[in-house]
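Peer 1:
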Amino acid sequence: MSVEPVVRIIGVRKVFGLVAVLDSVSLDIRAGEAVALLGANGAGKTTLLKILATLLRPTRGAATIAGHDVARAPEAVRPLLGVVAHGAWVYDDLTARENLRFWATVGGLDAYADDLTVALAGVGLERVADARVRTFSAGMKRRLSLARVMLARPRVLLLDEPFAGLDQRARKWLEGRLEAMKAAGAALLMVTHSFGRELGIADRLAVLAGGRIALDTARGTLGPDDVQRLYAAHAEESA
Amino acid sequence: MSYARRALAVAWKDLAVERRSKETLNALVFFSLLLLFVFQFTLGGDRERLAAVLPGVLWLGFVLSALLALGRTFLVEREHDCWEGLLLAPGDKSAIYLGKLAGNLALMLVVEALVLGLFVVFFDIDLGRALPGLLVVVLLGTLGLAAVGTLFAAMTANVRARELLFPVLLLPVQIPVLLATVKATEALLLGEPLGAVGHWVKLLLAADVIYVVVSLLTFDVVLEA
Numbered sequence: 002m003s004v005e006p007v008v009r010i011i012g013v014r015k016v017f018g019l020v021a022v023l024d025s026v027s028l029d030i031r032a033g034e035a036v037a038l039l040g041a042n043g044a045g046k047t048t049l050l051k052i053l054a055t056l057l058r059p060t061r062g063a064a065t066i067a068g069h070d071v072a073r074a075p076e077a078v079r080p081l082l083g084v085v086a087h088g089a090w091v092y093d094d095l096t097a098r099e100n101l102r103f104w105a106t107v108g109g110l111d112a113y114a115d116d117l118t119v120a121l122a123g124v125g126l127e128r129v130a131d132a133r134v135r136t137f138s139a140g141m142k143r144r145l146s147l148a149r150v151m152l153a154r155p156r157v158l159l160l161d162e163p164f165a166g167l168d169q170r171a172r173k174w175l176e177g178r179l180e181a182m183k184a185a186g187a188a189l190l191m192v193t194h195s196f197g198r199e200l201g202i203a204d205r206l207a208v209l210a211g212g213r214i215a216l217d218t219a220r221g222t223l224g225p226d227d228v229q230r231l232y233a234a235h236a237e238e239s240a
Numbered sequence: 026m027s028y029a030r031r032a033l034a035v036a037w038k039d040l041a042v043e044r045r046s047k048e049t050l051n052a053l054v055f056f057s058l059l060l061l062f063v064f065q066f067t068l069g070g071d072r073e074r075l076a077a078v079l080p081g082v083l084w085l086g087f088v089l090s091a092l093l094a095l096g097r098t099f100l101v102e103r104e105h106d107c108w109e110g111l112l113l114a115p116g117d118k119s120a121i122y123l124g125k126l127a128g129n130l131a132l133m134l135v136v137e138a139l140v141l142g143l144f145v146v147f148f149d150i151d152l153g154r155a156l157p158g159l160l161v162v163v164l165l166g167t168l169g170l171a172a173v174g175t176l177f178a179a180m181t182a183n184v185r186a187r188e189l190l191f192p193v194l195l196l197p198v199q200i201p202v203l204l205a206t207v208k209a210t211e212a213l214l215l216g217e218p219l220g221a222v223g224h225w226v227k228l229l230l231a232a233d234v235i236y237v238v239v240s241l242l243t244f245d246v247v248l249e250a
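Structure follows, in structure tokens:
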């Protein structure tokens with residue numbers, strides 16, 4: 002694991018109207034490290050993710066990815082990012098292969114037919130590669146979304162509720178894929194509500210409450226019950 | 026090369042989605058038929074009256090169907106949660122604009138060809154010698170409509186009252202295009218050659234160049250706003 006953080010968030014504040022959603026958030030993530038960001042509804046988790054994804058500008062403070070400021074140099078940051086958002090970013094009337102080819106081309110990648118086949122096989126969708134996405138389940142769409150991200154080989158992966166709507170088998174499968182990306186050196190920031198086994202891929206847990214990082218700790222040997230207790234203590238204390 | 030590939034990918038995607046879903050095309054064809062029926066009932070068989078209003082009626086049909094088609098340009102992205110994906114695509118965003126413009130232009134030209142064909146049948150018009158000149162005017166007029174319409178569709182995609190705001194923004198900017206197309210169409214249908222409406226064609230060309238260049242230069246700002 003490298004020492005220099007790939008993602009740096011320094012004193013980020015974000016205000017919508019009169020409401021400060023984020024007050025002074027600071028967080029570092031290193032290459033090959035996964036951080037699970039926990040927090041109640043409205044705690045600002047998605048806002049923080051959007052700031053890192055260059056979709057929102059912080060009101061104050063700064064965030065950098067591989068040394069590039071996300072607000073000042075979004076064009077330098079975007080090629081380094083892989084984003085799995087709430088929506089799967091897929092067109093229902095295109096096939097899985099066509100969706101991948103479209104996003105690869107728009108993203109400026111030279112994706113050849115073999116690359117697309119490998120990416121689809123990597124997420125277990127090779128048999129339905131030429132079927133329209135309209136016929137896919139939510140889990141299959143989520144897998145296709147991940148294939149899109151894997152094709153780009155991003156240095157930083159931002160995941161918003163990646164396990165939402167997935168059954169146990171799909172959760173286990175996604176866990177394996179994220180572990181593989183982490184092992185390949187990607188930095189992961191994963192927003193989640195879950196305290197379950199999927200937190201196993203996280204090296205660190207951060208709790209966002211009251212607009213600040215109320216807890217930032219190594220996951221170590223913490224079990225789901227310990228995590229839930231810590232979360233409750235820090236989230237309620239800061240709220 | 027990557028710029029052209031990205032623009033082509035966006036155009037191809039829009040046309041493939043439309044070809045398979047036919048959501049916009051079906052609505053436009055039905056809407057155009059409805060317009061033709063209304064015009065037919067209103068104007069009847071009075072040839073003199075028809076000759077006087079036909080250019081305006083024809084372009085009214087084109088503009089109304091264009092408003093419907095263009096207004097949906099970026100709603101497709103929102104409905105599929107793909108707006109953020111396009112926003113995060115690295116590189117010059119004007120490639121996305123060009124792709125969207127090409128897709129809109131193709132769709133509008135298909136609908137206009139259909140409307141023009143139905144006009145000929147419904148109103149028993151002999152286009153004859155006017156057809157080549159009319160095609161030039163329709164092509165240039167449609168490009169002007171689509172160029173600004175695509176930009177304004179992006180501008181209003183995230184606005185709550187977009188259905189109201191879109192035509193309110195678009196139509197005043199289209200006055201030079203509408204004036205030139207209606208006047209040129211009127212002259213061509215009266216049997217004048219294309220050369221006789223050269224000044225209107227030049228106005229259309231100038232408006233198209235300005236609209237496309239300004240849209241290319243400002244699309245990045247509009248998308249990021």
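If you read the protein sequences in the order shown, they are chains A and B.
Converting from the first sequence to my numbering requires adding 1 to each position, the first position being numbered 1.
Converting from the second sequence to my numbering requires adding 25 to each position, the first position being numbered 1.
All C-beta atoms in this analysis are idealised placements derived from N, C-alpha and C, irrespective of residue type, glycine included.
What residues in the region 160-190 of chain A have a beta carbon less than 8 Å from any beta carbon of chain E?
Peer 2: In the structure shown, chain E does not exist; the protein chains are A and B.
Peer 1: Would you list the residues sitting across from A:Val20 in a DSSP beta bridge?
Peer 2: Start at 1 with the first residue of the first sequence, and residue 20 of chain A comes out as number 19. In the DSSP output, where bridge partners are listed per residue, A:Val20 has A:Phe17.
Peer 1: Check the Cβ-Cβ distances between A:Phe17 and every residue of chain B, and say whether any is below 7 Å.
Peer 2: Walking along the first sequence from the start, residue 17 of chain A turns up at place 16. Answer no: the Cβ-Cβ gap between A:Phe17 and chain B never drops below 7 Å.
Peer 1: In whole angstroms, give me the CA-to-CA distance for A:Ser25 and A:Ala171.
Peer 2: As a position in the first sequence, residue 25 of chain A is number 24, starting the count at 1. As a position in the first sequence, residue 171 of chain A is number 170, starting the count at 1. About 36 Å.
Peer 1: By the DSSP assignment, the alpha helix (DSSP H) with B:Leu53 in it spans what residues?
Peer 2: For the purposes of this step, residue 53 of chain B is taken as residue 28 along the second sequence, with counting starting at 1. Here the alpha helix (DSSP H) through B:Leu53 covers 48-68.
Peer 1: Give the list of continuous alpha helix (DSSP H) stretches no shorter than 4 residues that lie fully inside the region 91-174 of chain A.
Peer 2: 97-107, 114-123, 139-153
Peer 1: Near A:Asp217, what residues of its chain come up, given a Cβ to Cβ distance below 6 Å and the 5 sequence neighbours on each side ignored?
Peer 2: Start at 1 with the first residue of the first sequence, and residue 217 of chain A comes out as number 216. The answer, listed in chain order, is Ala207.
Peer 1: Between the Cα of B:Phe66 and the Cα atoms of B:Phe87, B:Phe244, B:Phe147, which residue gives the shortest distance?
Peer 2: If you number the second sequence from 1, residue 66 of chain B lands on position 41. Of B:Phe87, B:Phe244, B:Phe147, the residue nearest in Cα terms is B:Phe147.
Peer 1: Less than 7 Å separating the beta-carbons of B:Ala221 and B:Phe99?
Peer 2: In the second sequence, counting from the first residue as 1, residue 221 of chain B sits at position 196. In the second sequence, counting from the first residue as 1, residue 99 of chain B sits at position 74. Pairing B:Ala221 with B:Phe99 gives a Cβ-Cβ distance that is not under 7 Å.
Peer 1: Given a cut-off of 7 Å on the beta-carbon distance, is the pair A:Ile11 and A:Ala77 in contact?
Peer 2: On the first sequence, residue 11 of chain A is found 10 positions in, with the first residue counted as 1. On the first sequence, residue 77 of chain A is found 76 positions in, with the first residue counted as 1. Not a contact, by the Cβ cut-off of 7 Å.
Peer 1: Could you tell me whether the Cβ atoms of B:Ser90 and B:Ser57 are closer together than 7 Å?
Peer 2: On the second sequence, residue 90 of chain B is found 65 positions in, with the first residue counted as 1. On the second sequence, residue 57 of chain B is found 32 positions in, with the first residue counted as 1. Their beta carbons are under 7 Å apart, which means B:Ser90 touches B:Ser57 by this criterion.
Peer 1: Would you kindly work out how many angstroms separate the C-alpha atoms of A:Ala114 and A:Glu127, rounded to a whole number?
Peer 2: Position 113 of the first sequence holds residue 114 of chain A. Position 126 of the first sequence holds residue 127 of chain A. Their Cα atoms are separated by approximately 12 Å.
Peer 1: What three-state label does DSSP hand A:Gly211 in the structure shown?
Peer 2: Taking the first residue of the first sequence as 1, we reach residue 211 of chain A at position 210. Correct three-state label for A:Gly211: coil.
Peer 1: So for B:Gly81, helix, strand or coil by DSSP?
Peer 2: Mapped onto the second sequence, residue 81 of chain B falls at position 56. It is helical.
Peer 1: Name, in chain order, the residues that DSSP records as bridge partners for A:Leu190.
Peer 2: As a first step, residue 190 of chain A is located in the first sequence; it is residue number 189 there, counting from the start. A:Val36, A:Leu159, per the DSSP bridge assignment.
Peer 1: Roughly how many angstroms lie between the CA atoms of A:Arg213 and A:Leu38, to the nearest whole one?
Peer 2: As a first step, residue 213 of chain A is located in the first sequence; it is residue number 212 there, counting from the start. As a first step, residue 38 of chain A is located in the first sequence; it is residue number 37 there, counting from the start. Cα to Cα, A:Arg213 sits roughly 12 Å from A:Leu38.
Peer 1: In three-state terms, what does DSSP make of A:Ala247?
Peer 2: Chain A is shown from 2 up to 240; residue 247 of chain A falls before or after that span and cannot be answered.
Peer 1: Report yes or no: do the region 175-190 of chain B and the region 203-213 of chain B share at least 3 C-beta pairs separated by less than 8 Å?
Peer 2: no
Peer 1: Within its chain, find whatever has a CB closer than 6 Å to the CB of A:Ala184; leave out the 5 residues flanking it on each side and keep chain order.
Peer 2: Residue 184 of chain A sits at position 183 when you count from the first residue of the first sequence. Its chain contains no residue whose beta carbon lies nearer than 6 Å to that of A:Ala184 once the 5 sequence neighbours on both sides are disregarded.
Peer 1: Can the beta-carbon of B:Leu86 be found less than 7 Å from the beta-carbon of B:Leu59?
Peer 2: Taking the second sequence and counting its residues from 1, one reaches residue 86 of chain B at position 61. Taking the second sequence and counting its residues from 1, one reaches residue 59 of chain B at position 34. Before going further, note that residue 86 of chain B is Gly rather than Leu in the sequence given. Taking 7 Å as the Cβ cut-off, B:Gly86 and B:Leu59 do not qualify as a contacting pair.
Peer 1: Assuming B:Trp228 is part of the alpha helix (DSSP H), what are its boundary residues?
Peer 2: Within the second sequence, residue 228 of chain B is the residue found at index 203, counting from 1. Trp is not the amino acid found at residue 228 of chain B; the sequence shown has Leu there. It spans 223-249 - the alpha helix (DSSP H) in which B:Leu228 sits, taken as one unbroken run.
Peer 1: Using the Cβ count rule (16 or more neighbours within 10 Å means buried), how would you classify B:Pro218?
Peer 2: For the purposes of this step, residue 218 of chain B is taken as residue 193 along the second sequence, with counting starting at 1. With fewer than 16 Cβ atoms within 10 Å of its Cβ, B:Pro218 is classed as exposed.
Peer 1: Would you mind working out which of B:His105, B:Arg185, B:Leu113 sits nearest A:Asp93, comparing C-alpha positions?
Peer 2: Within the first sequence, numbered from 1, the residue matching residue 93 of chain A stands at position 92. That would be B:His105, whose Cα lies nearest to the Cα of A:Asp93.
Peer 1: Using a Cβ-Cβ cutoff of 8 Å, what residues of the region 76-87 of chain A are near chain B? List them in chain order.
Peer 2: The region 76-87 of chain A vs chain B, Cβ under 8 Å: Glu76, Arg79, Pro80, Leu82, Val84, Ala86, His87.
Peer 1: Expressed to the nearest angstrom, what Euclidean distance is found between the alpha-carbon atoms of A:Leu57 and A:Val20?
Peer 2: If you number the first sequence from 1, residue 57 of chain A lands on position 56. If you number the first sequence from 1, residue 20 of chain A lands on position 19. Near 15 Å, if we compare the C-alpha coordinates of A:Val20 and A:Leu57.
Peer 1: B:His105 versus chain A: which residues are under 8 Å apart at the beta carbon?
Peer 2: Translated into the one-based positions of the second sequence, residue 105 of chain B becomes position 80. What B:His105 touches in chain A: Gly88, Trp90, Val91, Tyr92, Asp93.
Peer 1: Which residues bound the beta strand (DSSP E) around B:Gly128?
Peer 2: For the purposes of this step, residue 128 of chain B is taken as residue 103 along the second sequence, with counting starting at 1. Per DSSP, B:Gly128 lies in no beta strand (DSSP E) segment; the continuous alpha helix (DSSP H) that holds it begins and ends at 119-148.
Peer 1: Based on the DSSP output, what are the partners of A:Val85 in its beta bridges?
Peer 2: Locating residue 85 of chain A in the first sequence gives position 84, counting from the first residue. Per DSSP, A:Leu160.
Peer 1: Of the choices A:Leu179, A:Arg102, A:Leu159, whose alpha-carbon is the least far from that of B:Arg30?
Peer 2: Residue 30 of chain B sits at position 5 when you count from the first residue of the second sequence. Taking only the C-alpha atoms, the option nearest B:Arg30 is A:Arg102.
Peer 1: Suppose you measure from the CA of A:Thr118 to the CA of B:Asn129; what does that come to, to the nearest Å?
Peer 2: Here residue 118 of chain A refers to the residue found at position 117 of the first sequence. Here residue 129 of chain B refers to the residue found at position 104 of the second sequence. One C-alpha to the other measures close to 31 Å.
Peer 1: Name the two residues that bound the continuous alpha helix (DSSP H) containing B:Leu214.
Peer 2: On the second sequence, position 189 is the one that residue 214 of chain B refers to. Start and end: 200-214.
Peer 1: Using the beta-carbon count (16 or more within 10 Å), is B:Arg74 buried or exposed?
Peer 2: Start at 1 with the first residue of the second sequence, and residue 74 of chain B comes out as number 49. Per the 10 Å Cβ criterion, exposed.
Peer 1: Can you check which of these residues, A:Gly197, A:Ala105, A:Val84, is closest to A:Gly230 by C-alpha distance?
Peer 2: Stepping through the first sequence from its first residue, residue 230 of chain A is reached at position 229. Just to set this straight, residue 230 of chain A is Arg in the shown sequence, not Gly. Residue A:Gly197 is the option with its Cα nearest to A:Arg230.
Peer 1: Strictly below 7 Å CB to CB, what residues from chain B border A:Gly40?
Peer 2: Here residue 40 of chain A is taken as the residue at index 39 of the first sequence, counted from 1. Going along chain B, no residue has its Cβ under 7 Å from A:Gly40, so there is no contact; the nearest lies around 21 Å.
Peer 1: Would you check if the distance between the CB atom of B:Thr167 and the CB atom of B:Met133 is smaller than 7 Å?
Peer 2: Here residue 167 of chain B corresponds to residue number 142 of the second sequence, with the count starting at 1. Here residue 133 of chain B corresponds to residue number 108 of the second sequence, with the count starting at 1. Contact flag set, yes.
Peer 1: Excluding sequence positions up to five away, which residues of its chain have a Cβ less than 6 Å from the Cβ of A:Tyr232?
Peer 2: Numbered from 1 along the first sequence, position 231 holds the residue referred to as residue 232 of chain A. Contacts found: Leu39, Val208.
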